[in-house]
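Right, one structure below, let's go through it.
Numbering (this note's numbering), first residue to last: 64 to 354.
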C-alpha cells in the first residue's frame, strides 16, 4: 500500500513545474504536491491495493491543500485503489460524527447535501473510549466503508502509554484490541474479515501474534516499513487470515526509492512497490500453509 506523505520540499523532480504562474505560495505548493501524488500513484497503482494520504500534509496547505486531497482521492478511485484517510481523529461523539461526515459520507444540511471526502477507510484514535469510535463505525457502515483503530502504533513513544499494564486486563493496547474485536463482530463478512480493522505498527512485530489472537477478524494496517525501520519479512503473523489480513504501508521508502537505487523516480518507485507486494504475498501464502 502506498502512503502519501508529500513534503513540498522533497517532491519528485519536475513537480514544481505544475504550478501556474501567479500562484500564492500555498497554491504553488498544492499544485506541485498534486503533480507529485498523481505521478506516484500512476507509477505504483498496479502494485498497490490502496493509498493512504496523511491528512496533515494536505491540511498544512490550507484550502488549496484540501482541494488537492479531494482530487487525489478521486484519482486514486479512478485507478481502482482504496483510499485510507489517515487523520487519526478521535473526539466526543458530536465532534466524531462531524469528522466522520467530513471524511466519509458527508451530511444532509438545510442547504442541501454536502458530500464528504469519500474515503474508503479512516484511521481513528480510541484514547477517549468507545463513544469516540462508534460514530465512525456507524458512518462507515452506512456508507459501506471501514474504520482502522489505533491499537499498537509504530512510533517509539507508543511504549509510554500503549504498553502500560492494567490491573486486570493486560496492557492498554490489548484492551483497545478487545474493543476493536467487540465493535467488529457485527461487520464480519463472508471472507471472515470485519469492516473494523486495527493499526498495528510494523516496527514491533513481536506484538503481532498476540494482536491476531485478540482480533482474529480485523484487517491490520501495518505502518512503519522502510524509513521507520520495519521489515515486511517480519510481519507473517498479520496474514494468517489471508492476503487481505494485512495492509503493508510504505511512504518514503517508495517515493524516495530513486534516491538510493538511482534512475527515474517512477521506475524506482514501481520497483520498490512491487518488491513489497511480492514479499507480502509470499508471507501470506506461507502463513496460510502453516495455519
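Yeah, the Cβ is synthetic: ideal placement off N, Cα and C, and Gly gets one too.
Inset, instruction - Can you check DSSP and say which residues form a bridge with residue 67? - result: 116
Legend entry - DSSP state of residue 77 mapped onto helix, strand, coil: coil
Legend entry - alpha helix (DSSP H) runs wholly inside the segment 87-146, at least 4 long, in chain order: 88-107, 118-122, 125-141
Inset, instruction - Determine the DSSP secondary structure at residue 186, reduced to helix, strand or coil. - result: strand
Inset, instruction - Compare the C-alpha of residue 184 against each of 258, 111, 218, 137 and name the closest. - result: 258
Inset, instruction - Return the CA-CA distance between residue 347 and residue 299, expressed in angstroms with no decimal places. - result: 6 Å
Legend entry - First through last residue of the alpha helix (DSSP H) which encompasses residue 156: 156-163
Legend entry - Proximity below 8 Å, CB of residue 204 to CB of residue 247: no
Legend entry - Residue burial classification, residue 309 (beta-carbon count within 10 angstroms, cutoff 16): buried
Inset, instruction - Provide the residue(s) that pair with residue 152 in DSSP beta bridges, ordered along the chain. - result: 187
Inset, instruction - May I ask you to list the residues that DSSP assigns as paired with residue 174? - result: Its beta-bridge partners do not exist; DSSP assigns none.
Inset, instruction - Could you check what DSSP says for residue 29 in three-state terms: helix, strand or coil? - result: Residue 29 lies beyond the stretch modelled for the chain, which goes from 64 to 354, so this question has no answer here.
Legend entry - Coarse secondary structure for residue 209, derived from DSSP in three states: strand
Inset, instruction - Check the DSSP bridge columns for residue 228 and list the partner residues they point to. - result: 234
Inset, instruction - Give the straight-line distance between the Cα atoms of residue 238 and residue 138, rounded to the nearest whole angstrom. - result: 37 Å
Inset, instruction - Please work out which residues of its chain come closer than 7 Å, Cβ to Cβ, to residue 268, disregarding the five sequence neighbours upstream and downstream, and give them in chain order. - result: 297, 298
Inset, instruction - On a CA-only basis, which of 213, 158, 302 is nearest residue 276? Give me that one, please. - result: 302
Inset, instruction - Please work out which residues of its chain come closer than 7 Å, Cβ to Cβ, to residue 227, disregarding the five sequence neighbours upstream and downstream, and give them in chain order. - result: 234, 235
Legend entry - the segment 149-162 contacting the segment 126-137, beta-carbon criterion three pairs below 8 Å: no
Inset, instruction - Just the C-alpha distance for residue 317 and residue 104, rounded to the nearest angstrom, thanks. - result: 11 Å
Inset, instruction - Output yes or no for whether 8 Å exceeds the beta carbon distance between residue 166 and residue 144. - result: no
Inset, instruction - In angstroms with no decimal places, state the Cα-to-Cα distance between residue 142 and residue 97. - result: 15 Å
Legend entry - DSSP beta-bridge partners of residue 261: 212, 283
Legend entry - Inter-residue spacing [alpha-carbon to alpha-carbon] between residue 199 and residue 210: 7 Å
Inset, instruction - Could you give the DSSP three-state label for residue 313: helix, strand or coil? - result: strand
Inset, instruction - Check whether the Cβ atoms of residue 13 and residue 155 sit closer than 8 Å, and answer yes or no. - result: For the chain, the structure presents residues 64 to 354; residue 13 sits outside this window and is missing.
Legend entry - Three-state secondary structure assigned by DSSP to residue 293: strand
Inset, instruction - Taking residue 333 as the reference, give the member of 131, 93, 107, 84 with the closest Cα. - result: 107
Inset, instruction - Drop a sphere of 10 angstroms on the beta-carbon of residue 109, count the other beta-carbons inside from all chains shown, and report buried for 16 or more, exposed for fewer. - result: exposed
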